[in-house]
Amino acid sequence: MHITVLAVGTRGDVQPFVAIGSRLQAEGHRVRIGTHTVHETFVESYGLEFATLGENPQDLMRTHTGQKWLGSGQNPIRFWRELYRLVDRTVAQGLADAQAACRGTDAIIYTFFGVAGMHVAEKLGVPRIFALLQPFTRTRAFAAPQIPPLLPSGAFNRLTYVVAEQMAWQSHAVRALDG
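When the letters of the sequence shown are read in order and numbered with the numbering used here, they come out as residues 380 to 558.
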């Protein structure tokens with residue numbers, strides 16, 4: 380089976396999927412990692428196929444918009460507003476890169492920021508797996524990673540997941556209507 384992994388982000392976002400890809404390849408699968416060109420040598424050093432999903436994500440973080448997002452601090456509204464502005468700048472190219480990276484694949488594994496994989500899998504009619512490196516299931520134990528833990532309360536923590544889900548859904552719904 381030919382499997383494409385869309386791993387968007389820093390080396391910390393990519394490295395676990397290189398390990399998974401190496402294991403899948405050892406089990407006889409053909410594995411392609413779609414990620415940023417800054418990770419190409421790392422991916423290929425493990426004998427995995429590489430497909431580009433754009434340049435270094437750190438370059439995006441150095442932009443004015445990226446700096447505003449990084450500076451959003453403990454304010455969840457600013458965090459999501461600036462994240463949306465940051466993603467809005469790259470979404471069309473990201474989708475095109477994801478489609479190119481997944482050409483000829485039998486299955487797609489994608490990460491939180493590689494969510495284009497969901498849409499590409501649907502278009503190609505192939506199975507998809509949403510693989511996360513951070514908590515994504517509602518819990519009372521801690522707040523959603525996207526929302527600062529403002530109140531030490533189990534009920535508040537659980538509510539942050541509802542808010543994060545709605546904000547993510549709303550940003551994707553707007554994208555679907557736009558594009």
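Ideal Cβ placement from N, Cα and C applies to all residues, glycine included.
Predicted, not measured: the structure shown is a model, and the values here were computed from it.
Selection from the options that minimises the alpha carbon distance to residue i
i	options	result
V410	F491, I487, G433	I487
H415	L511, F492, L465	F492
P527	Q404, N454, S424	N454
Q446	R464, H381, T431	R464
Q394	G452, I382, V422	V422
H443	A430, I456, H418, E461	E461
V499	T431, G473, L511	G473
L427	A510, V505, L403, W459	L403
R517	A510, G504, F535	F535
D467	A480, G452, R482, W448	W448
D438	V417, V397, L538	V417
Outcome for residue i when other beta-carbon atoms lying within 10 angstroms are tallied against a minimum of 16
i	result
V553	A caution first: V553 carries a pLDDT of 46, below 50, which makes its placement in the model too unreliable to give a value.
P520	For the record, residue 520 in the displayed sequence is Ala; it is not Pro. Its Cβ having fewer than 16 others within 10 Å, A520 is exposed.
E434	exposed
D476	buried
E490	It is Thr, not Glu, that sits at residue 490 in the sequence shown. By the neighbour-count rule (16 or more Cβ atoms within 10 Å), T490 is buried.
G558	Confidence is the limiting factor: at G558 the pLDDT is only 48, short of 50, which leaves the residue's position unreliable and the question unanswerable from this model.
V541	exposed
A430	buried
G450	exposed
I456	exposed
G400	buried
D413	The question names Asp, yet the displayed sequence has Gly at residue 413. So G413 ends up on the buried side.
A405	exposed
A480	buried
A522	buried
For residue i, the first and last residue of its enclosing beta strand (DSSP E)
i	result
V410	409 to 414
E428	428 to 431
T444	No beta strand (DSSP E) holds T444; the alpha helix (DSSP H) holding it covers 443 to 449.
A486	486 to 489
L512	L512 -> no beta strand (DSSP E), and no H or E assigned at all.
Contact set for residue i: own chain, Cβ-Cβ below 6 Å, skip 5 residues either direction
i	result
Q513	P524
L556	Low confidence applies to L556: its pLDDT is 43, below 50, so where it sits in the model is not reliable, and the reading given next is rough at best. Closer than 6 Å at the Cβ level, and outside the excluded window around L556, lies no residue.
H381	R409, T484, D485
W459	M546
I508	I488
F396	V384, A386
Cβ-Cβ separation, residue j to residue i (assumed contact under 8 Å), whole Å
i	j	result
G388	P436	6 Å
A471	L385	Not confirmed; about 16 Å, so no contact.
Extent of the continuous alpha helix (DSSP H) run through residue i
i	result
E423	419 to 423
R482	Here R482 belongs to no alpha helix (DSSP H), and DSSP marks it neither H nor E.
I399	390 to 405
Neighbourhood of residue i by C-beta distance below 8 Å, restricted to the same chain and skipping five residues each side
i	result
E419	F429, T431
G533	R519, A520
Close beta carbons around residue i, own chain, < 7 Å, minus the five adjacent residues each side
i	result
M440	L449
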